[in-house]
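K.L.:
Okay, handing you the structure first.
In our numbering, the protein residues as written are 40 to 308.
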């Protein structure tokens, strides 16, 4: 489980239980007490929790918006580099789907000098970035925002209305992010988010996956797409280094991608 996923779990636990006992959470998540302490310290610094003897309690106002912004800023330099690389794959007259997620927002920010491109997304944040880019003249074309029910903390649309609209939409390129990627496939911590990403992954003839290296070789709650369907993976170069403690899993992942014919773009920072 990634640190951000663990901290989100702790935050949700605090909201539902009213307290965060360190020893209980360490057993629940199968990690050390020190790991939980570090997570609690970070959540306290973000004004989400307050320390008490033996653990922490939630502050009266727990703003998930703060958690979203903090997540967006995490690995910012890496995400910018990945976004620039991914945006170069967008060509004139493309019809592109952008999944929700902070990594994809950096792809949107890097869109430049393309014409008659249609962007489809269920992410309000990504749509807002594209709207500003369009007004500034960085690209010409249309932005289609999939409607439906709003997930206010993650800022994406989902639900029956979304699914009805999706059935009528065609894309030729899907730019997808994931919470975790392993030989089992692409995974998300949020089922509704993964469902929409998986739909366009299956529908698009070209599937480009963008993920920071720390997400590779890991697994999460909801598998939304098979690894063998990936046409291109864009990640940071250091992930496949010999020093990486998850090297065996990553080698298996790399071999599976190569066997399926996927291109791997390794970005050097």
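We treat Cβ as the ideally placed atom computed from N, Cα and C, and that holds for glycine.
These numbers come from a predicted model, not from an experiment.
1) Roughly how many whole angstroms lie between the Cα atoms of residue 173 and residue 179?
2) Give me the Cα-Cα distance between residue 92 and residue 60, rounded to the nearest whole angstrom.
3) For the alpha helix (DSSP H) containing residue 115, name the first residue and the last one.
4) Along the chain, which unbroken stretches of the alpha helix (DSSP H) at least 4 residues long are found entirely within the segment 165-242?
5) Here's a check: name, in chain order, each residue in its chain whose Cβ is nearer than 6 Å to the Cβ of residue 162, leaving out the five neighbours to either side.
6) Are there 16 or more other CB atoms within 10 angstroms of the CB of residue 254, so buried, or fewer, so exposed?
7) Should residue 132 go down as buried or exposed, given a rule of 16 or more other Cβ atoms within 10 Å for buried?
8) Under 8 Å between the Cβ atoms of residue 42 and residue 88?
9) Apart from the five residues just before and just after residue 273, which ones in its own chain have a Cβ nearer than 6 Å to its Cβ?
10) With distances taken from CA atoms, which of 159, 182 and 219 is nearest residue 212?
11) Which same chain residues end up closer than 7 Å to residue 184 when comparing Cβ atoms and leaving out the 5 residues on each side of it in sequence?
12) Excluding sequence positions up to five away, which residues of its chain have a Cβ less than 6 Å from the Cβ of residue 230?
13) Work out the CA separation of residue 292 and residue 222 for me, nearest whole Å.
14) Please list, in chain order, all residues of the same chain as residue 246 whose beta carbon is under 7 Å from its beta carbon, the five residues on each side excluded.
15) According to DSSP, is residue 301 part of a helix, a strand, or is it coil?
16) Look at residue 149 and residue 137 and say whether their C-beta atoms are less than 8 Å apart.
17) So, are the CB atoms of residue 197 and residue 186 less than 8 Å apart?
18) Would you call the CB atoms of residue 307 and residue 118 closer than 8 Å?
19) Which residues in the same chain as residue 104 place their Cβ atom closer than 6 Å to its Cβ, once the five residues preceding and following it in sequence are excluded?
20) Cα separation between residue 75 and residue 256?
21) Use the C-beta contact count for residue 86: other C-beta atoms within 10 angstroms, 16 or more gives buried, fewer gives exposed.
22) How far does the beta strand (DSSP E) with residue 147 in it reach, from first residue to last?
23) What is the C-beta distance between residue 96 and residue 58, in whole angstroms, given that I count them as a contact (C-beta under 8 Å)?
24) Which class does residue 92 belong to by DSSP, given the choice of helix, strand or coil?
25) Whose C-alpha, out of 242, 276 and 301, is nearest the C-alpha of residue 263?
P.N.:
So, from the data block:
1) Cα to Cα, residue 173 sits roughly 6 Å from residue 179.
2) Rounded to whole angstroms, the gap between the alpha carbons of residue 92 and residue 60 is 9 Å.
3) That run of the alpha helix (DSSP H) goes 115-126.
4) Correct list: 199-205 and 230-242.
5) Once the five neighbours on either side are set aside, the close Cβ partners of residue 162 are 139 and 195.
6) When all chains shown are included, residue 254 counts as buried.
7) Answer is exposed; the Cβ neighbour count stays below 16.
8) Going by C-beta atoms, residue 42 is not nearer than 8 Å to residue 88.
9) Within the same chain, residue 273 has close Cβ partners 121, 124, 125, 249 and 304.
10) Looking only at 159, 182 and 219, the smallest Cα-Cα distance to residue 212 is reached by 159.
11) The answer, listed in chain order, is 160 and 166.
12) Listed in chain order, the non-local C-beta contacts of residue 230 below 6 Å within the same chain comprise 261, local neighbours out to five positions each way being set aside.
13) Straight-line Cα distance between these residues: approximately 5 Å.
14) Apart from sequence neighbours up to five positions away, the residues of its chain that approach residue 246 with a beta-carbon distance below 7 Å are 213, 215, 240, 268, 269 and 270, ordered along the chain.
15) DSSP places residue 301 in coil when its eight states are reduced to three.
16) No, the pair does not count as a contact, with Cβ atoms beyond the cut-off.
17) In this structure, residue 186 does not lie closer than 8 Å to residue 197 by Cβ.
18) Using a Cβ distance threshold of 8 Å, residue 307 and residue 118 do not count as a contacting pair.
19) Only weak support is given to the placement of residue 104: the predicted model assigns it a pLDDT of 38, under 50, and the value that follows is read from those uncertain coordinates. Nothing meets the Cβ criterion.
20) So the two alpha carbons sit approximately 22 Å from each other.
21) Residue 86 counts as exposed, since fewer than 16 other C-beta atoms from the protein chains shown sit within 10 angstroms of its C-beta.
22) Looking at the DSSP string, residue 147 is not in any beta strand (DSSP E); the run it does join, the alpha helix (DSSP H), is 141-148.
23) Right, their Cβ atoms sit about 5 Å apart.
24) Three-state result, residue 92: coil.
25) The shortest Cα separation from residue 263 among 242, 276 and 301 belongs to 242.
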